[in-house]
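Residue numbers (the working numbering), protein chains in the order written: chain A, 2 to 203; chain B, 2 to 203; chain C, 2 to 203; chain D, 2 to 203. Data first, discussion second: the structure below is written as C-alpha cells.
Number of protein chains: 4
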Amino acid sequence: MTDTNLTPDNARPAADRHVRRRERTEKAILKAAEELIAESGVDGLTIEGVAARSGVAKTTIYRRWRDKDELALAVLVERTATLSPPPDVGDTRKELLTFLKTAKQVIRPGGVAQGLASAIATQPDLARTYRERIVDVRRLELKTLIDRGIARGDFRPDTDVWVAHELLIGPLYYRLLFSGAPLGTKHDKQLVEALLRAFAPE
Amino acid sequence: MTDTNLTPDNARPAADRHVRRRERTEKAILKAAEELIAESGVDGLTIEGVAARSGVAKTTIYRRWRDKDELALAVLVERTATLSPPPDVGDTRKELLTFLKTAKQVIRPGGVAQGLASAIATQPDLARTYRERIVDVRRLELKTLIDRGIARGDFRPDTDVWVAHELLIGPLYYRLLFSGAPLGTKHDKQLVEALLRAFAPE
Amino acid sequence: MTDTNLTPDNARPAADRHVRRRERTEKAILKAAEELIAESGVDGLTIEGVAARSGVAKTTIYRRWRDKDELALAVLVERTATLSPPPDVGDTRKELLTFLKTAKQVIRPGGVAQGLASAIATQPDLARTYRERIVDVRRLELKTLIDRGIARGDFRPDTDVWVAHELLIGPLYYRLLFSGAPLGTKHDKQLVEALLRAFAPE
Amino acid sequence: MTDTNLTPDNARPAADRHVRRRERTEKAILKAAEELIAESGVDGLTIEGVAARSGVAKTTIYRRWRDKDELALAVLVERTATLSPPPDVGDTRKELLTFLKTAKQVIRPGGVAQGLASAIATQPDLARTYRERIVDVRRLELKTLIDRGIARGDFRPDTDVWVAHELLIGPLYYRLLFSGAPLGTKHDKQLVEALLRAFAPE
DNA sequence: GACTAAGCGAGACGGTACGTCGCGTCTTAAA
DNA sequence: TTTAAGACGCGACGTACCGTCTCGCTTAGTC
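Here you go:
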C-alpha cells in the first residue's frame with residue numbers, strides 16, 4: 002500500500018534491478034491471497050497461509066502490508082482496477098442496472114467486502130484507501146451515467162451524485178451484509194426505478 | 002438471548018431462585034460488555050475482559066453466549082429492545098426523520114454495528130438473530146409509518162416496505178461503514194426527500 | 002472413605018434410620034464408577050459422569066468421597082474385599098502362582114491400579130487406605146502361604162514375608178506400570194522360581 | 002525430545018544459530034520444570050508455571066513437548082543421561098548396591114517417577130520413551146554388572162538379566178509407590194542378597 | 001398416620017489450567 | 001538490497017472438570 006507504483010518506465014538508475022524482483026514477489030503474494038480468500042473467506046486468510054502457498058517468507062509479506070486486512074484490501078483494489086466503466090448504450094435504466102451488476106462482481110466473490118467491512122469501518126487507514134481506490138472510482142463512474150441521464154432528460158439537472166450513489170450502493174451492501182436478502186436482479190430493478198423517480202425532472 | 006421472560010409473576014414453583022440469579026449475572030455481564038465496547042470498540046471486547054470487569058467467571062459467560070460476537074450482538078439487541086416505536090405526530094416527513102435518528106442511536110454508540118458487520122455477514126447464526134431481533138423489529142416500525150403516510154396521501158398505496166427500508170437504512174449503514182461521511186441531519190433529510198419522491202402517489 | 006463401616010448391627014442409637022437409603026445410593030455410585038472405569042480408565046472417571054450415569058446428584062457424591070481418586074480407590078477396595086485367600090493345595094509352587102494370578106485380577110481390570118498409582122504415591126490419605134485395605138490384606142495371605150511353605154521345608158524358617166512380598170508383587174507392578182512387559186504366566190513362574198531359590202533352606 | 006543432538010561439532014552449515022537458540026531455551030525450560038517439580042511435585046508442574054518461571058512463552062514449550070507429562074519425563078531422561086555406569090570395584094555385592102543407589106537418585110527427587118507412574122502406565126507414547134531412554138539404559142548397566150558377576154562366579158552363567166532387573170527395581174518402585182516403606186540401605190541389602198541367592202551357581 | 005430430621009436433587013457458579021491459533025518481531029546467512 | 005528460514009513472545013481463545021453453594025423436596029422410621 003504505502004507507496005503506489007507510479008514510477009514511469011524511463012530512467013532506471015541502478016538499484017532498480019531489484020524492482021523487478023519485488024514485483025514478481027508481490028504478484029505471487031496477491032495471487033496466493035486471492036486464492037485463499039476464494040477458498041475460505043477473509044477469515045480463512047492467514048499471513049502464514051499466504052506465505053506457505055506463495056513460497057514467500059512471512060517477513061516479506063509484512064514488509065509490504067501492515068497486516069492481513071491491508072493485504073485483503075489490496076486484493077479488492079486489484080479487482081476494481083481491472084474493471085472498465087459502463088459504456089453508453091443510450092438507455093439510462095440499462096446503464097444503471099449494469100452499474101449495479103458490476104458493483105456486485107467486485108464485492109461478492111470470496112466475501113471480501115463482507116469480511117473486510119468491520120476492518121474498514123474501524124481503521125481509518127483502511128477506510129481511506131478503500132474510499133480513494135474503490136468508492137471514489139465507482140462514484141465517478143456513476144457520475145458519468147448520471148450526467149448522461151441528465152442530458153437525456155431522465156434526471157433533473159441538480160441531481161446529487163453522492164446521494165444517488167448511496168441510494169444505489171447502500172441497499173446493496175445492506176442486503177449483502179445484514180438483511181441476507183438475495184441480491185437478485187429484481188431487487189436491482191426496484192432500486193433503479195426508485196432512483197429514477199426520486200430524481201426525475203419535475 | 003435464548004429465552005425471553007414471558008413467565009407471569011404468579012406461580013413460581015421452585016427452581017426460580019436460580020432464574021433470579023441468572024438474571025442478575027446476565028445483567029452484570031451485559032453491562033460490562035457494553036462498557037468495554039464503549040471504551041474500545043468491538044475489537045476491544047474480550048471475554049476475559051468482560052469476566053474481569055463484571056466479576057463473573059469466564060465459564061459463566063460461555064454458558065450463555067457461544068463467543069464474543071454473540072455477546073456483542075446481545076448488547077445490540079438489548080438496545081433495540083428498550084426503544085419505543087416513533088409516535089404519530091401527524092407529519093410523515095418528521096416521523097421518518099425520527100425513525101432515522103432512532104436507528105442511529107441503536108447502531109452508532111461504541112461502533113457495535115461496525116464491529117459486528119463482518120461477523121454478521123459471515124455467520125448465519127448471528128445473521129438470523131440480527132434479522133429477527135433487529136431488522137424485523139425496525140422494519141415493522143417503518144411499516145407503521147408508511148401505512149400512516151399512505152393514509153395521509155404521502156405515499157402511494159402499493160409502497161414496498163422492504164425497499165423503503167433498504168433505501169433509508171442502506172445508505173445509513175453505507176456511510177457508517179464505508180464512506181465515512183458524517184451521519185448528519187442534512188443527509189437524513191436528503192434520504193427522506195428521495196424516499197418521498199420515489200414513492201409519491203402518481 | 003473417612004469412616005469405614007465397621008459398625009456392628011446391634012445398638013443403632015437413633016439418628017441412623019436413614020442408613021438404608023445411604024447404602025442404596027452408595028451402591029449406585031460405586032456401580033456407575035466401576036462401569037465408567039471399565040469403559041475408559043481412571044482418567045475417564047469423572048464425578049460429573051458418575052452423577053449422570055447413576056442418577057445421583059454431584060453433591061451427594063462429594064458428601065461421601067473427597068474427590069475422584071478416593072472414589073476410584075473405593076472401587077479397588079471393593080474388589081479386594083470380594084476375593085478369598087488361596088487354598089492349601091499341598092504344593093507351594095502352585096499356591097504362589099495362584100497368589101500372583103489373583104493379584105493380577107485385582108489390579109488389572111480397567112487399569113485402576115495404573116490410573117491410581119500416582120495418586121496413591123502422592124497423597125498420604127490414599128496411601129494409608131491403600132495399604133490397610135489392600136497391601137496388608139494381600140501380605141497376610143502371602144504369610145499363610147509362606148508359613149505352609151516353611152512347614153513343608155520349601156522355605157527356610159526365617160523367611161522375611163515383607164521381602165518375599167516385594168519380590169513377588171514389585172516386579173508385577175513394575176511390568177504393569179513401566180516396562181510394559183506382558184504379565185504372562187511364564188514370567189510368573191520365573192518369579193516364583195527365583196523366590197523359592199532366594200529363600201530355600203540351606 | 003524428538004531429535005537427540007548427534008550432530009558432530011564440525012561442518013555446521015547455516016541454520017545452526019537457530020539450534021543454539023533452541024538449546025538455550027530448552028535448557029531454561031527444563032531448569033524451571035525441574036525446580037517446580039522439586040517444589041511441589043509433578044502435580045504442581047504446570048505449563049503456565051514453567052512459562053512464567055523460565056520467561057519462555059507457553060507456546061514455545063508446547064512447540065517441544067506435547068504436554069506436561071512429556072515435559073516431566075524429559076526431566077527424568079535428562080537425569081538418567083547425566084549418570085555414569087557403576088565402575089568395577091571387584092565386588093559384585095557392592096556394585097549391585099551402587100546400582101540400586103543410583104536408581105534411587107534418578108527416581109526419587111521431586112517424586113517425578115511417582116507423579117508420572119500413571120501417565121506412563123496409561124499412555125503408550127510416554128511408555129515407549131520411558132522404556133527406551135530409562136529402562137533400557139539402566140538394564141544395560143545391570144547387564145555389565147551381572148556379566149562381571151558371572152565371571153567372578155557369583156552368578157550362574159544363564160542368569161536372566163530381565164528377571165534380575167525386575168527383582169531389583171520392581172521392589173524398589175513398589176516401596177516408592179505403594180508400600181510407603183522407607184527406601185533404606187537395609188532393604189537394598191536384602192534385595193541384593195535375595196538376588197545373589199536366586200541366581201547363585203548350583 | 002403425621003412428624004421431623006437426615007438425605008438428596010437440581011441448577012448456577014467461581015476458578016484453574018488446558019492446549020491451540022495466529023499474530024507480528026527478530027536475527028542472520030545467502031542470493 | 002532483498003529474501004528465506006526459523007525461533008520466539010504474546011494475547012486471547014474456547015473447553016473441561018473441578019469443587020462449592022443454596023434451597024426445597026423426599027423419605028423413612030418413630031411417636
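In this text, a Cβ means the ideal position worked out from N, Cα and C, and glycines have one as well. These numbers come from a predicted model, not from an experiment.
If distances are taken between C-alpha atoms only, which option among 51(A), 27(A) and 29(A) comes closest to residue 37(A)? 51(A)
May I ask which residues mark the beginning and end of the alpha helix (DSSP H) holding residue 163(C)? 162-175
Taking Cβ to Cβ, would you say residue 87(A) is nearer than 8 Å to residue 154(A)? no
Run the CB neighbour count on residue 196(D), radius 10 Å, all protein chains shown included, and call it buried at 16 or more, exposed below. buried
Return no unless some Cβ of chain C is closer than 8 Å to the Cβ of residue 195(D). yes
Under three-state DSSP, which class holds residue 137(D)? helix
Simplified DSSP state of residue 3(A), which is helix, strand or coil: Low per-residue confidence applies at residue 3(A): pLDDT is 40, beneath 50, and the placement is therefore not dependable, though the value from the model is reported in the following sentence. If DSSP states are grouped into helix, strand and coil, residue 3(A) belongs with coil.
Is residue 166(A) buried or exposed, if buried means 16 or more other CB atoms sit within 10 Å of its CB? buried
Candidates 145(D), 40(D) and 85(D): closest to residue 161(D) by CA position: 145(D)
Top-ranked residue by Cα proximity to residue 116(A), from 62(A), 70(A) and 54(A): 70(A)
What are the residues in the segment 178-192 of chain A lying within 9 Å of chain B by C-beta distance? 178, 179, 180, 181, 182, 188, 191 and 192
Residue from 94(D), 187(D), 75(D) and 138(D) with nearest C-alpha to residue 84(D): 138(D)
Give the straight-line distance between the Cα atoms of residue 89(C) and residue 39(C), rounded to the nearest whole angstrom. 32 Å
Quick one: is residue 176(B) near chain A, going by C-beta distance under 8 Å? yes
Using a Cβ-Cβ cut-off of less than 9 Å, list which residues of the segment 104-134 of chain D approach chain C; keep chain order. 112, 114, 115, 116, 117, 118, 119, 120, 121, 122, 123, 125, 128, 129, 131 and 132
Give the residues of chain D in contact with residue 74(C), contact being defined as C-beta atoms less than 8 Å apart. Residues of chain D passing the Cβ test: none, with the nearest at roughly 12 Å.
So, helix, strand or coil for residue 10(D), using DSSP? At residue 10(D), the pLDDT of 35 sits below 50, so the modelled position is not reliable; the number obtained from the coordinates is stated separately. In this structure, residue 10(D) counts as coil in the three-state DSSP scheme.
Measure how close the beta-carbons of residue 47(C) and residue 44(D) come, nearest whole angstrom, since I'm counting them as under 8 Å. The pair is not a contact, with the Cβ atoms about 18 Å apart (cut-off 8 Å).
Suppose the cutoff is 7 Å on Cβ atoms and the five residues either side in sequence are ignored; what does the same chain contact list for residue 42(C) look like? 111, 112 and 116
Residue 78(A) by DSSP, collapsed to three states: which one? helix
Could you tell me if residue 189(C) is buried or exposed, where buried requires 16 or more neighbouring beta carbons within 10 angstroms of its beta carbon? buried
Residue 164(B) versus residue 191(A) - alpha carbon distance: 7 Å
Close beta carbons around residue 114(B), own chain, < 6 Å, minus the five adjacent residues each side: 108
Excluding five sequence neighbours on each side, which residues of the same chain lie with their C-beta closer than 6 Å to the C-beta of residue 151(A)? 158
Using the three-state DSSP reduction, which class does residue 132(A) fall into: helix, strand or coil? helix
Taking 8 Å as the threshold (beta carbon to beta carbon), is residue 171(A) in contact with chain B? yes
Comparing C-alpha positions only, which one of 136(A), 176(A) and 175(A) sits nearest to residue 77(A)? 136(A)
Report yes or no: is there a C-beta of chain D within less than 8 Å of the C-beta of residue 143(C)? no
Specify whether the segment 171-180 of chain D and the segment 173-183 of chain C touch according to this definition: at least 3 beta carbon pairs, one from each stretch, less than 8 Å apart. yes
Please determine, among 54(A), 22(A), 169(A) and 66(A), the residue with the shortest C-alpha to C-alpha distance to residue 94(A). 169(A)
Rounded separation between residue 181(A) and residue 121(A) - CA only: 20 Å
In three-state terms, what does DSSP make of residue 84(B)? coil
Cα-Cα separation, residue 184(A) to residue 102(A): 10 Å
Runs of 4 residues minimum, wholly inside the segment 43-125 of chain C: which ones carry the alpha helix (DSSP H) assignment? 48-55, 59-65, 69-82, 93-108 and 113-123
Can you list, in chain order, the residues of its chain whose CB lies under 7 Å from that of residue 252(A), leaving out five sequence neighbours each side? Only positions 2 to 203 of chain A appear in the structure, and residue 252(A) is not among them; the question remains open.
Closest Cβ-Cβ distance between residue 39(C) and chain D: below 8 Å? no
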